[in-house]
Amino acid sequence: MVALKKIRLENENEGVPCTAIREIALLKELHHPNIVQLLDVIHSERSLTLVFEYLDQGDLHSYMNMNGKLSYRTIVSFMHQLLKGLVYCHAKSILHRDLKPHNLLINRYGELKLADFGLARAFAIPVKKLTHEVVTLWYRAPDVLLGNQQYGSAVDMWSVGCIFVEMMTGSPPFAETSELMQLKRIFSVMGTPSVQSWPSIVDLHAYEAMLRSSELMSTHYNAVPLQVAFKRFANHPEALDLVQRMLRYDPASRISANDALGHPFFASLH
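Note that the sequence shown ends on residue 365 in this note's numbering; no numbers are left out.
Here it is, written out as structure tokens:
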């Protein structure tokens, strides 16, 4: 049993889409138990078919809808596997750039694997300019929403923090329909950012526009403790500490995937 991802080549003059080429090239380099395995690529005149291993429980979004509230033990396991796959990617200088429950696949044995590397990119030090139009809106880091084009692995860690909250509470923490409203929703929980709380914000492309925005700056928000905003964390201090380290405005202060794996949150894992 395999899973097929079929890409129609409607316009032969344009050839194979660059996202498909990028996904194939990266997946051929990635071999890890927590990354979906690309088994084959079939190229015909009208389509390109990617053959993947089949994970019978679907994606994490469907899994949560089907199973209801996840047990704390399951969340610990899924977070551990997500971070292990991400540590492997980041060690190979690859950003996923579109982490969300729809792109995390699960099988009947409780194995979780990163999938859909269509927006993934290799990155280098020093970081080159990359597009800020990445990551599904709900899971997009605030620095990227404000036009940051020189981002690194921290962009994935904000997404992991959002997924963590969604697994704990059953709903995404910041869900809006536009970039402006997305920022406003984040501000309403995390507090309105300032140069004092986020020094590098002044270097962001849209910082001046943010200051001029009556929609964003008409109300000054104070930070809401995450255990108040997302109540399930109140009973789990280790989980609270970890999510606080992931959901930080300044990307330089966000915890890395490797450091997150060593967090006490995973102490109970067998």
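For glycine and all other residues, C-beta sits at the position ideal for the given N, C-alpha and C.
Hey, how far is the Cα of D193 from the Cα of A115? So the alpha carbons of these two residues sit roughly 15 angstroms apart.
Quick check on G256: buried or exposed, where buried means 16 or more other Cβ atoms within 10 Å of its Cβ? The residue is buried, with at least 16 neighbouring Cβ atoms inside 10 Å.
Between the segment 128-143 and the segment 232-242, do at least 3 Cβ pairs fall closer than 8 angstroms? Remark: fewer than three beta-carbon pairs, one from each stretch, lie closer than 8 angstroms, so the segment 128-143 and the segment 232-242 are not flagged as touching.
The alpha helix (DSSP H) that contains T169, what's its start and end? Per DSSP, T169 belongs to the alpha helix (DSSP H) from 167-186.
Look at the Cβ atom of V146, then the Cβ atom of V97, and state whether they are nearer than 8 angstroms. Yes; because the gap between Cβ atoms is below 8 angstroms, this pair is in contact.
Residues near D211 in its chain [Cβ-Cβ closer than 6 angstroms; skip 5 each side]: Hits under 6 angstroms: N198.
Classify R203 as buried or exposed, calling it buried when 16 or more other Cβ atoms lie within 10 Å of its own Cβ. Only exposed fits R203, as fewer than 16 other CB atoms lie within 10 angstroms of its CB.
Spatial distance of L299 from L241 (CA atoms): Answer to the nearest angstrom: the Cα atoms are 6 angstroms apart.
Are the C-beta of M305 and some C-beta of chain D separated by less than 8 angstroms? Protein chains in the displayed structure number just one, and chain D is not present.
Would you call the segment 343-353 in contact with the segment 170-183, where contact means no fewer than 3 C-beta pairs closer than 8 angstroms? Touching, yes, given that three or more Cβ pairs across the two stretches are closer than 8 angstroms.
May I have the straight-line CA-CA distance separating R216 from T144, to the nearest angstrom? Take the alpha-carbon of R216 and the one of T144: they are about 21 angstroms apart.
By Cβ distance, which residues of its chain are closer than 6 angstroms to M252, with the 5 residues on each side in sequence left out? These residues qualify, in order along the chain: M341, R349.
Please state whether DSSP places F259 in a helix, a strand or coil. Helix.
Say whether the segment 274-281 touches the segment 310-329, bearing in mind that this needs 3 or more beta-carbon pairs closer than 8 angstroms, one atom from each stretch. Taking a contact to require three or more Cβ pairs closer than 8 angstroms, the segment 274-281 and the segment 310-329 qualify as touching.
Residue range of the alpha helix (DSSP H) that includes E118: Secondary structure note for E118: its alpha helix (DSSP H) is the uninterrupted segment 113-124.
Proximity below 8 angstroms, CB of N129 to CB of L209: Cβ distance < 8 angstroms, so N129 and L209 count as in contact.
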